[in-house]
Amino acid sequence: MLNLQEDILIRVNQGDVKSFEHLYHTFYVYLCAVATKYIYDPETAKEIVNDVFLNIWNNHTPLTSPVNAYLVKAVRNRCLNHLRQKRLDEVPLTEIQKKLLQFREELVWQEERPLQRLEQEETRERVSRAINHLPKKCRDIFIQHLYYNKTSEEIAVTEHISPSTVRVQIRIAIAKLKPLLKDMTITSLIIFSFFQK
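In structure tokens form, the structure reads like this:
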């Protein structure tokens, strides 16, 4: 007796549009969350997930149960390709951006283990709390640079300040964060250690 997922996958493999839509709506939000772990940009994460589904449909990729692992792997691979392309497109990158992209690529390749996920989540929460202690202007600039990969020039335009002021604010943020995060492990601190110029 086929379960519901197996039945849907058979229908998807046969080209049934309704079954494909069902599959898409079932996994879309989950896969967007997976992509956001690596890309840190919700809009780009959505595009990546949509590209994965579009690729499956257009290439008539045969799906088998359980399909979760295949979809997650496809999203991770697409995230890795995106990060590599971003590295090529944004030349010259600052050292900060290079290290951040390298860190994200390493995340994509890491195996999913419950303990590892817990440690990563604890690290994110710890870093987030530390960033929230920064003065508002300094915090806003640092978040734009760290999480949205904006250059000093791009931030300067939106904040109506000079690029040199942006760079100063980023250095101030790093100086204030280091004491707050000083007892974190080397692995956790890698995100911040490369901010030294």
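In my numbering, the protein residues as written are 6 to 202.
All C-beta atoms, glycine included, are put in the ideal place defined by N, C-alpha and C.
ask   = What whole-angstrom Cβ distance do Ile160 and Val171 have, given they're in contact under 8 angstroms?
value = Between Val171 and Ile160 the Cβ distance is about 5 angstroms, and since that is below 8 angstroms, they are a contact.
task = May I ask which residues mark the beginning and end of the alpha helix (DSSP H) holding Leu36?
result = 22-44
query = Whose CA, out of Pro71, His65, Pro67, Val54, lies closest to the CA of Phe82?
reply = The sequence given here places Asn at residue 82; Phe does not occur at that position. Among Pro71, His65, Pro67, Val54, the Cα nearest to that of Asn82 is on Val54.
ask   = Who are the near neighbours of Ser157 in its chain, counting only those whose CB is closer than 6 angstroms to its CB and skipping five residues on each side?
value = Pro168, Val171, Arg172
inquiry  = Suppose the cutoff is 8 angstroms on Cβ atoms and the five residues either side in sequence are ignored; what does the same chain contact list for Lys181 look like?
reply    = His138, Leu139, Cys143
message = Can you list, in chain order, the residues of its chain with a C-beta nearer than 6 angstroms to that of Leu185? Leave out the 5 residues immediately preceding and following it.
response = Ala135
query = His30 to Glu52, Cα distance in whole Å?
reply = 15 angstroms
task = Return yes when the Cβ of Phe147 is within less than 7 angstroms of the Cβ of Ile166, no when it is not.
result = Contact flag unset, no.
inquiry  = Quick check on DSSP: helix, strand or coil for Ile166?
reply    = coil
request  = Output the distance between the C-alpha atoms of Thr66 and Arg129, rounded to the nearest integer angstrom.
outcome  = One C-alpha to the other measures close to 35 angstroms.
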